[in-house]
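Worksheet for the structure shown next.
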Amino acid sequence: MAAAPGAGAPRYTSYQSVQAYNSAFPNAQMPTRAGDRNALRSFTRAGAGLEDDLTGSGVNHTLDFLPGGAPEPGDAEPGGPDRVGTVVASRWGNGPYLALADKVSLRAAWKAIIIAWPDRLSAAVDALRPVIDAGQSPAQSETPTHFA
9 MAAAPGAGAP
19 RYTSYQSVQA
29 YNSAFPNAQM
39 PTRAGDRNAL
49 RSFTRAGAGL
59 EDDLTGSGVN
69 HTLDFLPGGA
79 PEPGDAEPGG
89 PDRVGTVVAS
99 RWGNGPYLAL
109 ADKVSLRAAW
119 KAIIIAWPDR
129 LSAAVDALRP
139 VIDAGQSPAQ
149 SETPTHFA
């Protein structure tokens, strides 16, 4: 069930397949091969995953930072290389793919996530909110937004 849009409502866009996600985000592609997806550096909350309290699936998710995976330790430092991309929640590299933040600094997004160390997807969205606000206005979104 979708909640009414408003302040504090976690936003995400859901895609059932890698191909559907990649079509919507051509500049932040998810690898199509499972082995390549699993090789990406992602946020797993020390292997425990994040509870899906957005869709209510009951399945834990990981956070992928696309394109290319989460920043490496040296990349997260100010002045280090940065990429603009999308933060995606997935079931350990499998669908559905929930785009939580788009057109954001992946370094800033990674830093926000590791500082907050969220255990639920809604907490990840809350941690990303300042990064989203700094990097994207609603007018920049090219895909429909769902509210949970």
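Quick note on this note's numbering: the sequence shown kicks off at 9 and runs consecutively.
Glycine included, every Cβ here is placed at the ideal spot set by N, Cα and C.
Might you give, ordered along the chain, the residues of its own chain that have their beta carbon closer than 8 Å to the beta carbon of alanine 56, omitting 5 neighbours on each side? Position 48 of the sequence shown holds residue 56. So the list reads Asn68 and Asp127, once near-sequence residues are dropped.
Coarse secondary structure for proline 75, derived from DSSP in three states: Translated into positions along the sequence shown, residue 75 becomes position 67. Of the three classes helix, strand and coil, the one that applies to proline 75 here is coil, per DSSP.
Leaving aside the five residues before and after leucine 106 along the sequence, list all residues of the same chain whose C-beta is less than 6 Å from its C-beta, in chain order. The sequence position of residue 106 within the sequence shown is 98, counting from 1. So the qualifying residues of the chain are Tyr20, Ser22 and Ala97.
Just list the residues that DSSP pairs asparagine 102 with in beta bridges. As a working mapping, residue 102 is identified with position 94 in the sequence shown. DSSP lists Arg99 as partners of asparagine 102.
What residue from Asp134, Leu129, Val26 and Arg137 has the CA that sits closest to arginine 53's CA? Here residue 53 corresponds to residue number 45 of the sequence shown, with the count starting at 1. Selected option, being the one with the closest Cα: Leu129.
Valine 112 - partner residues in DSSP beta bridges: Residue 112 sits at position 104 when you count from the first residue of the sequence shown. Answer by DSSP bridge pairing, in chain order: Gly93.
Leucine 114 versus glycine 66 - alpha carbon distance: Walking along the sequence shown from the start, residue 114 turns up at place 106. Walking along the sequence shown from the start, residue 66 turns up at place 58. Taken atom to atom, the span from the alpha-carbon of leucine 114 to that of glycine 66 is near 27 Å.
Note down the Cα distance separating glycine 64 from proline 138, rounded to an integer number of angstroms. Counting from one through the sequence shown, the residue named residue 64 turns up at place 56. Counting from one through the sequence shown, the residue named residue 138 turns up at place 130. Their Cα atoms are separated by approximately 25 Å.
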